[in-house]
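**Q** The structure under discussion is supplied below as structure tokens; questions concerning it will follow.
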Amino acid sequence: MAERRGSIKTYIISRIILAIPMLIIITSFVFFIMRVAPGDPVTAMLGPHAPLAYKEKLREELGLTLPLYQQYFNYLAQVFTLNLGSSLTTGDSVATDIFVYYFPATLELTIFSTIVALAVGIPLGKLAAVKRDKKADVIIRLFGIIIYALPIYWFGFMLQLLFGYYMGIFPTGGRLSPGVTPPPHITGLYTIDSLLSGQFSTFLDALWHLALPSITLGLILSGVFIRTIRVNMLNTLQSDYVQAARARGIEERDVVNRHAYRNALVPVITIMGMEIALLFAGAVLTETTYSFKGMGFLLVWSIQNRDYTMVQGAVIIYSIFIILFSVIIDIINAYIDPRIRY
Amino acid sequence: MKNEENENLMEYLKRKFMVNWLFGSLSREGKSTSAILVWVGFFILIFFIVIAVFAPYIAPYNPLKPAPGAPSFSPPSLKYPMGTDLLGYDLYSRVIWGSRIPLEVSALSIFFSLIIGMPVGLFSGFIGGKIDRVLVMIMDSIYAFPGLILAIVMTALLGPGLINVAVSIAVVYIPLYFRTVRNHTMSVKQELYVESGRAMGASRFQLIARFIAPNVILTVPVLISLNAADAILTEASLSFLGLGIPPLTPDWGREISDGSYYLQQAPWLAFFPGIFIVLLVVALSLIGEGLNDIVNPLIKRRETL
Amino acid sequence: MASKRALWGAIAVIIVVIIVFASAYYLTLPKTTQTPTTTVANVITIGTTDSISSLDPAKADDYFSVLVIQNIFTPLLSYKPGTSVLQPELATNIPSTSDGTISPDGLTYTLYIRQNSKFSDGTPINASTVAYSMNRVIKLGLDPAYLLAPVANITVPSPYTLQIHLKYPDSAFLQVLALWVTAPVDPKYYTMNGPYTGMPITNGHYNVTYWKKGTEIILERNTNYYGTPAITQQINIMFYSDATSLKNAILTKAVDVGYKDVLPTDIPTLKNQSFLKITSSPGSVIRYISLNWKDPVIQNKHVRAAIEYALNRSYICNNVLYGTAIPLYSMMPTLPFNGYNVYVPSYANLYGYNQNLAKAKQELALAGYSSTNPLTLTLAYTPTHYGLIEQYVAMAIKNQIEAIGNVTVNLNPVETPAYWDDLMAGQFQMAMVGWYPDYWDPDDYMATFYDPAGTPTIGSFYNNSVMHNLTVQEEFTINMSKRVQIFQEAQNISAQDIAFIPLYENNLMVYSLKTVSGIEFDPMLTFQLWVLQKTG
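Chains C, Y and H are the protein sequences, given in the same order.
For the record, in the first sequence the residue sitting at position 56 is 56 according to our numbering, with numbers rising by one throughout.
For the record, in the second sequence the residue sitting at position 30 is 30 according to our numbering, with numbers rising by one throughout.
For the record, in the third sequence the residue sitting at position 474 is 474 according to our numbering, with numbers rising by one throughout.
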């Protein structure tokens, strides 16, 4: 036992150390591609009327006249001190804007979407595994395939039409109704902040605005979860552990619910780790569809406005969080899953 | 069960794909449903390819011009089966023509991913050591990053154009092929080291390639179909966001984006292109899933040989 | 296990209950904040998709920032609401040559600053304050500094007398005095070191009491304002991220006034609502096609004529823009300048008001193009900067030109800022561009279009020495009637040359509750909020 503890420490450390080069690779990739792009950020900021001398001055200030390698090293230094510069269009600090406003919004959306995805995916995946190859299994698998094939924005628009315009039950966009002030900033997630501040009506309003986007993204992702849960359940159901339980005469129902189910859920954490990338990608489209001001919305908006620093900042933060999540999940797995060797 | 040990590959595949038993065996062998899935998906795919190729003959109007005399924002009717937009363009013609870009772009991007991912994977697995570790790290970084976001950033920066979009999408999926081929290469390499004493004449590389090939032939088609399904969704998302495709080019993602501003007045504009995307992606997913079910036991069997 | 199932069931029930609660809550939400009275409402809410970048007069140059600044600060002069007529504001006189407040050589402007204006922190304002503020604009050299480019120096002969000395006579400078760059700022906060980003210290019709960037700004009536107090006590401006959200806000009465921008195609929906009204007034934004005079195809007058004859401006204005614009037949806006009408429909006078395909075909043939030698043109446009409908306008233009026959028009969308870069580098054969007034003088619609130094900035490269001379002439002429003659001659020559292709003039569209009145704009399209009111 003592041996295992020692090596888990080294595992954690080595995992974290491994994460750093990954971060550098992704961010460098973006940096170099951005320098290739047509369109000059200075013209974006000043518009076409500005005098040439003034543009040159600004270009110098932004460090765009330095040689490329120098810009690159400054950039790397910025990444690691999280000094992400100022937005080229609003002039506000990129890091502040993202961490305080946009990232929590995306976090909120992804959390609720994951809840929906799991709430739909787990029971259906389990059912499909248990009723393997019967009608239920085929139907559920088909459902999973079809729903994952839906373009997120299209599904979102159809839901907007049905529930927003025709039935008028849910709002079609935004995080809060106009006129409702956001709760005082604690985490940036409106639902949590409003609960913590006792603003119950704001909480309801935020939840109400989260309904359609979470359902859109969550349902579509449930397609993936159905498949993964089903496969895991199938593997577990055929595993030695479960065969042993059956051999001991335990009722099938208990075999499924107590033994197989719990073990099959262990990989759920791994699954969620793998799906982080999917969640973030899906969030971009969902946020654009619902004008939900999160990181995805920011990314698209910044690209359209050639706000270099914003785009860079967004990509860096995406990378950091994805790597962070995958490290955490690997570590959790190392603790939980006895099968993992390190 | 027949005597599977003696069945060779061709016979196995033939058995899987026979369509004689359609509905009767739905509840029996699970494997026959996989075959059905593949066939259904395959026929839908053929349907789309036919539409794309014969678009000039199927589409009643020129998609690049308003249908002559067409009213603005008219709902689906006999004359304009999917309705018209603000300037009187016929949506049906544009949707038919719109099948070309997704198919072209995904085919192109799969091609790029394959010709880069597979050789690099083979090389990396074969050569091992530090170079392999570096390559794996690079590929894993790209793989871990949300593909759509990477594609968005790349397309936005490379600019519009069919090839640029294909390249951006290809970059996202290269790690997929890399991984598979590299892993197979590595495991085969382990086995071969044990056998290396007995290998005579043939170089290690040739042996590895010979053993990799059958596994690759089995797994890659699955990857390709699932890759294609994803690539089509990605391409549609890119053009939905306004990246990559020039204006007026009929493209389903673009149609949805344009139509979204008129959701209340003209919901058909956003509705129909989406249905087509769903159909095509489902078809490719069915092929992929079905192939996966059929091929998996085969691989398992081979790996225990 | 039974207990596990019960747990899941309980959670599901709780979620359903929350959703039901939320829906019920929504359905009981009061739709408006109006209380039914016949008095003037205290609060008006305005919704827009535009945004504020800065409220520092020395930094801001974009439309909405300027709009708010002109409501919370006072320039030296201002416009009578809804007109282009100047009136005294912070200054008590309008400089003119008749009383010497404009020196005979046109180089010195004398203004008498009123003595009863104060900042919101109580600091009194005098001529030195104004001099400081204007010098600050020049020194900081930010976006709006070019407006004060003619200024050589500013002197303060006595505490409430301001003298502005110009480097050269500039007949348009009078109009600059009505712009925000002449507004006073409090030296304690607005330093010479850089822009000020805190809550504005103001002296105008309104004060800012709350400002959340990108979301909302609240203006309260300034009781210390020296003139007639603003009618409505509080104005909330809400910023929406897109036209559809704004439209929904208007439809659900979440805002009293919706403005800039609503998609033209949403107008029919809005028109159908009995509680809404649409106020449409001529604007000063002109849209046109910039023709690249470096391109040999464009240099052929018959090609330009063919394009002009093929255009169907009414179709664009009515069918694509849903009446939010009017056809324009000259490179001048139709609005009067300080009471003078300058606009002449010169293009219509020569080529007619409507599409004339027969003539267009003739011109194309004269240009040497036929079925064996077809013409290919490229039209560039930018997909979002001028509104999402731009793509459809470009498509309509393409279809109209192609209707001539033997012509193909390729569309080339380029996003800003690359669009401006390419435009100025002369990469576009034809490009759709717009012009917003920097100051309200016809000169603003001359220099860039007809001066060889200006035409490259809009991708035109038009070079006609006669036009250039006219531009110089009008700048140095002080007498407005004489200037009007020059402007009209310029418009006629422009039409003869087909230097550009004017397309349309955007109307100002304001969507509001029927109970809102006092919707007035100055010629710079600043919403004059102090006369806005809502009754009943």
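C-beta atoms are modelled at their ideal positions from N, C-alpha and C, and glycine is treated no differently.
All values derive from a computational prediction rather than experimental measurement.
#1: Using the rule of at least 16 other Cβ atoms within 10 Å of the residue's Cβ for burial, across every protein chain shown, is ARG248 (chain C) buried or exposed?
#2: Between which two residues does the alpha helix (DSSP H) containing LEU82 (chain C) stretch?
#3: Taking the alpha helix (DSSP H) that LYS277 (chain H) falls in, what are its first and last residues?
#4: Where does ALA367 (chain H) sit, in a helix, a strand or coil, going by DSSP?
#5: Does the Cβ of TYR57 (chain Y) have 16 or more other Cβ atoms within 10 Å, making it buried, or fewer, making it exposed?
#6: May I ask you to list, following chain order, the residues of the region 277-290 of chain Y that have a beta carbon less than 7 Å from some beta carbon of chain C?
#7: What do you get for MET524 (chain H), buried or exposed, if any count of 16 or more other CB atoms within 10 angstroms of its CB means buried?
#8: Return the bridge partner residues of PRO124 (chain H) from the DSSP annotation.
#9: By a C-beta neighbour count over all protein chains shown, 10 Å radius and 16 as the cutoff for buried, is ARG175 (chain C) buried or exposed?
#10: Could you pull out every residue in the same chain whose Cβ sits closer than 6 Å to the Cβ of ASP61 (chain H), ignoring the five residues on either side in sequence?
#11: With a cut-off of 7 Å, does the C-beta of PRO247 (chain Y) fall near any C-beta of chain H?
#12: In chain order, what are the residue ranges of uninterrupted beta strand (DSSP E) at least 3 long that sit wholly in the region 297-363 of chain H?
#13: Closest to THR545 (chain H) by C-alpha separation, out of H:TYR445, H:GLY47, H:ASN399, H:LYS59, would be which residue?
#14: For the region 83-100 of chain Y, which residues have a beta carbon sitting closer than 7 Å to at least one beta carbon of chain H?
#15: When you compare the CB of TYR173 (chain Y) with every CB in chain H, is at least one pair closer than 7 Å?
#16: Sort H:TYR340, H:ASN479, H:ILE113, H:ASP522 by Cα distance to PRO157 (chain H) and report the nearest one.
#17: Does the region 410-420 of chain H touch the region 434-443 of chain H, meaning 3 or more C-beta pairs lie closer than 8 Å?
#18: In chain Y, which residues lie less than 7 Å from TYR392 (chain H) when you measure between Cβ atoms?
#19: Which residues in chain Y sit within 7 Å of MET395 (chain H), going by Cβ to Cβ distance?
#20: Quick one: Cα of ALA77 (chain C) to Cα of ALA418 (chain H), how far?
#21: Note the first and the last residue of the continuous beta strand (DSSP E) segment covering TYR386 (chain H).
#22: Secondary structure at TYR436 (chain H), three-state DSSP: helix, strand or coil?
#23: Got a sec, what are the start and stop residues for the alpha helix (DSSP H) PRO102 (chain Y) sits in?
#24: If LEU159 (chain C) and ILE115 (chain C) are in contact, beta carbons under 8 Å, what's the gap, nearest whole angstrom?
#25: Can you name the residues of chain H whose CB is closer than 7 Å to the CB of GLY174 (chain C)?
#26: Report, in whole angstroms, the separation of the C-beta atoms of GLU308 (chain H) and ILE493 (chain H), which I expect to be a contact under 8 Å.
#27: Skipping 5 residues on each side, what residues in its chain have a beta carbon closer than 7 Å to that of GLU89 (chain H)?
#28: Taking only three categories from DSSP, how would you classify HIS165 (chain H)?
#29: For the region 86-111 of chain C, list the alpha helix (DSSP H) runs that are entirely contained and at least 4 residues long, ordered along the chain.
#30: Beta carbons nearer than 7 Å to chain H: which residues of the region 60-81 of chain Y have them?
#31: By a C-beta neighbour count over all protein chains shown, 10 Å radius and 16 as the cutoff for buried, is THR92 (chain H) buried or exposed?
#32: Is it true that the region 229-248 of chain Y meets the region 271-282 of chain Y, where meeting means three or more beta-carbon pairs spaced less than 8 Å apart?
#33: Leaving out the 5 sequence neighbours to the left and right, which residues in its chain are closer than 8 Å to THR181 (chain C) when beta-carbon positions are compared?
#34: Which of the three DSSP states, helix, strand or coil, is assigned to THR45 (chain H)?
#35: If contact is defined by three or more beta carbon pairs under 8 Å, each pair taking one atom from either stretch, is the region 266-278 of chain Y in contact with the region 109-116 of chain Y?
#36: In the structure shown, what three-state DSSP assignment does ASP293 (chain Y) receive?
**A** Working from what's here:
#1: Within the first sequence, residue 248 (chain C) is the residue found at index 248, counting from 1. With fewer than 16 Cβ atoms within 10 Å of its Cβ, ARG248 (chain C) is classed as exposed.
#2: Here residue 82 (chain C) refers to the residue found at position 82 when the first sequence is read from its first residue. Element bounds for LEU82 (chain C): n/a, residue is neither H nor E.
#3: If you number the third sequence from 1, residue 277 (chain H) lands on position 277. No alpha helix (DSSP H) holds LYS277 (chain H); the beta strand (DSSP E) holding it covers 276-291.
#4: Counting from one through the third sequence, the residue named residue 367 (chain H) turns up at place 367. DSSP places ALA367 (chain H) in coil when its eight states are reduced to three.
#5: Within the second sequence, the letter at position 57 stands for residue 57 (chain Y). Flag for TYR57 (chain Y) reads exposed.
#6: Hits within the stretch, in order: ILE277, VAL278, VAL281, VAL282, SER285, LEU286, GLU289.
#7: As a working mapping, residue 524 (chain H) is identified with position 524 in the third sequence. Flag for MET524 (chain H) reads buried.
#8: Against the third sequence, residue 124 (chain H) aligns to sequence position 124. DSSP output for PRO124 (chain H) lists H:LYS118 as bridge partner(s).
#9: What you label residue 175 (chain C) is simply residue 175 of the first sequence in a count that begins at 1. ARG175 (chain C) comes out buried.
#10: As a position in the third sequence, residue 61 (chain H) is number 61, starting the count at 1. Excluding residues within five positions, the ones whose Cβ falls inside 6 Å are ASP143, PRO144.
#11: Translated into the one-based positions of the second sequence, residue 247 (chain Y) becomes position 247. Yes, contact with chain H.
#12: 325-327
#13: Any question about residue 545 (chain H) goes unanswered here, given that chain H covers just 1 to 536.
#14: LEU86, LEU87
#15: Counting from one through the second sequence, the residue named residue 173 (chain Y) turns up at place 173. Chain H contact via Cβ: absent.
#16: The residue you call residue 157 (chain H) lines up with position 157 of the third sequence. With distances taken between Cα atoms, PRO157 (chain H) lies closest to H:ILE113.
#17: no
#18: Here the question's residue 392 (chain H) lines up with position 392 in the third sequence. Chain Y residues near TYR392 (chain H): LEU86, LEU87.
#19: Your numbering for residue 395 (chain H) matches position 395 in the third sequence. The contacting residues are LEU87, LEU248.
#20: Here the question's residue 77 (chain C) lines up with position 77 in the first sequence. Here the question's residue 418 (chain H) lines up with position 418 in the third sequence. One C-alpha to the other measures close to 29 Å.
#21: Translated into positions along the third sequence, residue 386 (chain H) becomes position 386. That residue, TYR386 (chain H), is in no beta strand (DSSP E); it is neither H nor E in DSSP.
#22: Position 436 of the third sequence, counting from 1, holds the residue named residue 436 (chain H). DSSP places TYR436 (chain H) in coil when its eight states are reduced to three.
#23: Working through the second sequence from its first residue, we reach residue 102 (chain Y) at position 102. It spans 100-127 - the alpha helix (DSSP H) in which PRO102 (chain Y) sits, taken as one unbroken run.
#24: Numbered from 1 along the first sequence, position 159 holds the residue referred to as residue 159 (chain C). Numbered from 1 along the first sequence, position 115 holds the residue referred to as residue 115 (chain C). No, LEU159 (chain C) and ILE115 (chain C) are not in contact; Cβ-Cβ is about 17 Å, not under 8 Å.
#25: For this step, residue 174 (chain C) is matched to residue 174 along the first sequence. Under the 7 Å cutoff, chain H gives SER245.
#26: For this step, residue 308 (chain H) is matched to residue 308 along the third sequence. For this step, residue 493 (chain H) is matched to residue 493 along the third sequence. No, GLU308 (chain H) and ILE493 (chain H) are not in contact; Cβ-Cβ is about 15 Å, not under 8 Å.
#27: Translated into the one-based positions of the third sequence, residue 89 (chain H) becomes position 89. Once the five neighbours on either side are set aside, the close Cβ partners of GLU89 (chain H) are THR74, PRO75, LEU76, LEU77, SER78.
#28: Residue 165 (chain H) sits at position 165 when you count from the first residue of the third sequence. Here HIS165 (chain H) sits in strand by DSSP.
#29: 94-97
#30: When C-beta distances to chain H are compared with 7 Å, the residues of the region 60-81 of chain Y below that value are LYS65, PRO66, SER72, in chain order.
#31: For the purposes of this step, residue 92 (chain H) is identified with residue 92 of the third sequence, where counting begins at 1. Answer is exposed; the Cβ neighbour count stays below 16.
#32: Taking a contact to require three or more Cβ pairs closer than 8 Å, the region 229-248 of chain Y and the region 271-282 of chain Y qualify as touching.
#33: Taking the first residue of the first sequence as 1, we reach residue 181 (chain C) at position 181. So the qualifying residues of the chain are THR202.
#34: On the third sequence, residue 45 (chain H) is found 45 positions in, with the first residue counted as 1. The answer is strand: DSSP assigns THR45 (chain H) an E or B state.
#35: Judged by Cβ distances under 8 Å, the region 109-116 of chain Y makes no contact with the region 266-278 of chain Y, as fewer than three pairs qualify.
#36: In the second sequence, counting from the first residue as 1, residue 293 (chain Y) sits at position 293. Three-state result, ASP293 (chain Y): helix.
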